[in-house]
Amino acid sequence: MYISPDQFPLYLAGVLAGVALTIVLLSVTGKRSKYIAMGLSTAGFAFAITFIVLQALGYFGTVQNNPTSSSLFATDWVSYIFGVAVLLVALLVGLTAVDYFSDVIGTDVTTFYALLVFTTIGTLLLIFSANLLMMFVAWEMMSIPSYVLTGFKKKDPASNEAAVKYFVISAFSSAVLLYGISLIYLLTGNLSIYQIVRLMPNGMTVSGMTNFQPIGLLALTFFVAGFGIKLAAVPFHMWIPDAYQGAPTIVSALLSTATKGATFAPAIRVLFVMFSSSTFQPDWTLTFAVLSVLSMTLGNFAALTQKSVTRILAYSSIGQAGYILIGVAAGGQLGLTGSFFHILNYATMQSCAFLAAALIIKNVGSDNLDSFNGIGKRVAVAPMALTLSLLALGGFPPLSGFWSKFVLFLSAFQSTSNLSWLAIVAIINSFVSIAFYVRIVKHMYLDEGNSTTKLVETNGFKASLILASAIIVGTGIYPGPLIEFATEAARSFMSEISSTQLIERLAFILHSL
Amino acid sequence: MVPLFYYIIVSTILFAIGVYGLVSKGNALRLLFAVEIVINAANLNLVAFTRYAMQTATGPSGQTFALFSIAIAAAEAAVGLAIIVVTFRLNKNVDVFKLRKLKN
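Going down the list, the protein sequences come from chains A and B. Counting in this note's numbering, the first sequence runs from 47 upward without gaps. Counting in this note's numbering, the second sequence runs from 20 upward without gaps.
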């Protein structure tokens with residue numbers, strides 16, 4: 047079977063849209079439709095992952111499309127790895143939703159699955175988009191269902207408050223993004239990211255314009271603000287703690303990983319393709335270095351004083367955004383590899399942490415740190431998964447987070463623009479972050495709780511948490527393949543060295559330590 | 020033909036009004052209006068720029084974009100209003116500064 051890489055994302059979105067519409071129809075029939083919805087969406091996500099893997103292996107003909115074509119989509123390694131990561135998170139969340147909402151009055155879980163699949167379609171199209179129009183439409187396809195998901199517990203004032211705050215800030219981010227796009231259109235008269243970069247040099251399409259640099263910089267600012275709001279980088283982070291704390295915890299898992307990862311792919315395309323033409327090449331190293339330092343420092347230090355577990359995880363999400371931005375600041379193939387690799391690991395680590403916390407919070411009825419006391423004696427899987435994912439987020443050596451942080455810090459040390467100070471700040475921040483990650487573990491295993499009754503762990507949660515933990519440990523023990531994929535993705539933007547050379551270099555550095 | 024410069028001035032003023040509304044008001048409905056004003060400023064840009072960039076552009080893609088963004092803004096406003104209605108039912112007001120259920 048041959049599928050043109052220009053149309054591959056459409057097949058993907060088509061299948062998932064079919065699943066979503068079927069679930070919508072289901073929601074008006076039968077009482078037990080929620081299990082059918084769960085099965086359908088799980089099957090849909092699994093099918094989509096298989097579909098992407100087969101396409102990446104060249105099973106449907108051409109693996110990548112020509113980026114300079116006028117296609118709406120860029121089907122390349124960046125799209126593949128981000129697509130699989132996002133679908134995996136959606137799968138993990140989908141497995142837990144029936145159990146999570148089982149005792150919430152006034153919710154229809156079947157609708158939850160429909161919205162989950164719709165927002166996943168949006169994230170996938172956003173990852174694949176190579177055209178500013180497609181990017182904006184996909185951006186909204188991702189955002190609009192996620193507002194509803196955030197406010198899904200409609201009788202719960204906290205959930206509603208989170209939805210209002212998320213909606214206002216996120217709607218503003220898309221408006222700002224739209225304004226930036228309109229300025230780029232003024233300069234080039236084109237909307238395709240890979241063609242704009244060639245039109246930028248003679249970007250005087252509008253009469254009377256003699257100097258386009260200020261408008262280009264203004265557009266870049268709008269793009270950075272629009273993406274920054276979704277990425278949770280610091281000057282744009284105000285909504286994160288409230289939204290993640292108030293939203294249903296499994297939705298926080300989705301927002302903090304799938305949305306962030308899906309925003310990162312087009313952000314990299316815009317920065318490293320659109321804004322890197324020969325005549326207009328702004329130097330953003332310092333800007334992103336400062337954003338990165340602010341995000342890391344604020345995220346990690348604010349998390350130290352929090353009492354609520356979901357709020358700690360929300361600040362951790364801000365801190366991790368800081369690490370991811372190190373790679374963007376350092377640039378080069380190594381920096382991008384580090385960023386891609388870290389965001390893939392981050393997707394499993396953070397979603398596993400939120401999902402494990404969701405199970406515990408649902409059972410003890412509070413997200414206060416003290417109510418986590420002695421949980422280790424009352425359930426088996428959830429505290430174990432939470433511990434693993436928190437240690438991985440903190441960067442403990444045998445787990446996945448260590449490797450990606452290692453590549454990121456290395457890229458800062460080896461950057462041509464002298465970013466050693468950034469790497470040192472990041473290492474100090476890593477040590478600070480261990481304090482609050484380990485504090486949750488201490489509350490779960492060492493502190494005495496009020497109650498010792500066993501809690502119920504349902505199969506959906508168990509399956510989801512064990513799958514996520516297995517990925518975290520597996521990547522930690524054998525990181526080679528993921529690093530290779532990340533290098534391959536970074537090569538779409540700049541090809542300095544091949545993936546085998548990079549791995550040899552990493553192995554050499556590790557050996558000499 | 021009205022010079023392009025005038026369109027840019029109007030759109031900049033609209034953008035400024037939107038951002039002002041967003042940072043100064045607390046009423047969720049007003050915030051929604053402010054966001055819509057910013058979106059419309061961008062739409063005005065897109066439509067005006069298409070008219071002036073027609074010589075080199077590969078078709079009226081800017082005006083197409085404006086149509087898409089008008090439709091999407093409507094969808095976004097519908098969802099936003101639904102959320103605000105729920106807020107009103109739960110709290111009897113829609114002031115985001117008075118929403119303090121989650122601790123800061």
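Each residue gets a CB set at the ideal place from its N, CA and C atoms; glycine is no exception.
Residue from the options whose Cα sits closest to the Cα of residue i
{"i": "A/S302", "options": "A/Y392, A/A217, A/G262", "result": "A/Y392"}
{"i": "A/A516", "options": "A/L454, A/F459, A/S463, A/M430", "result": "A/M430"}
{"i": "A/V336", "options": "A/I151, A/S73, A/E530, A/W467", "result": "A/W467"}
{"i": "A/Q366", "options": "A/G378, A/S354, A/S338", "result": "A/S338"}
{"i": "A/L224", "options": "B/S43, B/R49, B/G81", "result": "B/G81"}
{"i": "A/V65", "options": "A/F539, A/D493, A/S189, A/F91", "result": "A/F91"}
{"i": "A/L264", "options": "A/I296, A/Y126, A/F321", "result": "A/F321"}
{"i": "A/F119", "options": "A/A514, A/I473, A/S50", "result": "A/S50"}
{"i": "A/L415", "options": "A/K353, A/F334, A/G307", "result": "A/K353"}
{"i": "A/I576", "options": "A/F310, A/A289, A/L344", "result": "This structure does not reach residue 576 of chain A, given that chain A is present from 47 up to 559, and the question cannot be answered."}
{"i": "A/A375", "options": "A/L134, A/A399, A/V319, A/L454", "result": "A/L454"}
{"i": "A/Q379", "options": "A/N346, A/T356, A/T462", "result": "A/T462"}
{"i": "A/I529", "options": "A/A221, A/A313, A/G197, A/F448", "result": "A/F448"}
{"i": "A/S125", "options": "A/L58, A/Y105, A/V150, A/I190", "result": "A/L58"}
{"i": "A/N177", "options": "A/I230, A/D149, A/V139, A/V144", "result": "A/I230"}
{"i": "A/M47", "options": "A/T108, A/L67, A/L72, A/A89", "result": "A/T108"}
{"i": "B/R108", "options": "A/G368, A/N206, A/S412", "result": "A/N206"}
{"i": "B/E55", "options": "B/A94, B/F24, B/D114", "result": "B/A94"}
{"i": "A/A313", "options": "A/F273, A/S73, A/D288", "result": "A/F273"}
{"i": "A/T309", "options": "A/A204, A/S323, A/A184", "result": "A/A184"}
{"i": "B/L63", "options": "B/S43, B/I28, B/N46", "result": "B/I28"}
Beta-carbon spacing of residue i, residue j below 7 Å
{"i": "A/I389", "j": "A/I370", "result": "yes"}
{"i": "A/P156", "j": "A/A83", "result": "Sequence inspection shows Thr at residue 156 of chain A; the Pro mentioned does not correspond to that position. Yes, these two residues count as a Cβ contact at 7 Å."}
{"i": "A/T433", "j": "A/V487", "result": "yes"}
{"i": "A/A509", "j": "A/L141", "result": "yes"}
{"i": "A/F258", "j": "A/L233", "result": "yes"}
{"i": "A/S417", "j": "A/V425", "result": "no"}
{"i": "A/M395", "j": "A/S435", "result": "yes"}
{"i": "A/T383", "j": "A/A536", "result": "yes"}
{"i": "A/D532", "j": "A/F386", "result": "For the sequence presented, residue 532 of chain A should be read as Ala rather than Asp. Yes; because the gap between Cβ atoms is below 7 Å, this pair is in contact."}
{"i": "B/I102", "j": "A/F326", "result": "no"}
{"i": "A/I372", "j": "A/A271", "result": "no"}
{"i": "B/A92", "j": "B/I58", "result": "yes"}
{"i": "A/A469", "j": "A/F482", "result": "no"}
{"i": "A/T169", "j": "A/A293", "result": "no"}
{"i": "A/K80", "j": "A/G152", "result": "no"}
{"i": "A/S341", "j": "A/G381", "result": "no"}
{"i": "A/T356", "j": "A/Q291", "result": "yes"}
Per DSSP, cross-strand counterpart(s) of residue i
{"i": "A/S354", "result": "A/N414"}
{"i": "B/N46", "result": "B/D114"}
{"i": "A/S238", "result": "A/N177"}
Beta-carbon separation (whole angstroms), residue i vs residue j, contact threshold 8 Å
{"i": "A/A278", "j": "A/I364", "result": "5 Å"}
{"i": "A/W444", "j": "A/I523", "result": "The sequence given here places Pro at residue 444 of chain A; Trp does not occur at that position. Indeed they touch by this definition, with Cβ atoms about 7 Å apart."}
{"i": "A/V163", "j": "A/I69", "result": "7 Å"}
{"i": "A/G495", "j": "A/I421", "result": "7 Å"}
{"i": "B/F68", "j": "A/L179", "result": "That pair is no contact at about 14 Å."}
Local conformation of residue i per DSSP, three classes
{"i": "B/D114", "result": "strand"}
{"i": "A/N475", "result": "helix"}
{"i": "A/S175", "result": "strand"}
{"i": "A/V519", "result": "helix"}
{"i": "A/F539", "result": "coil"}
{"i": "B/N59", "result": "helix"}
{"i": "A/N206", "result": "helix"}
{"i": "A/G249", "result": "Note that A/G249 scores a pLDDT of 47, beneath 50, so its modelled location is shaky; the value from the coordinates is reported in the next line. A/G249: coil per DSSP, three-state reduction."}
{"i": "A/F119", "result": "strand"}
{"i": "B/S80", "result": "helix"}
{"i": "A/D329", "result": "coil"}
{"i": "A/Y105", "result": "coil"}
{"i": "A/E530", "result": "helix"}
{"i": "A/Q259", "result": "helix"}
{"i": "A/R315", "result": "helix"}
{"i": "A/M284", "result": "coil"}
{"i": "A/K408", "result": "helix"}
{"i": "A/L26", "result": "Absent from the structure is residue 26 of chain A, since the part of chain A shown begins at 47 and ends at 559."}
{"i": "A/F158", "result": "helix"}
{"i": "A/G420", "result": "coil"}
{"i": "A/K306", "result": "helix"}
{"i": "A/M342", "result": "helix"}
{"i": "A/Y57", "result": "helix"}
{"i": "A/T96", "result": "helix"}
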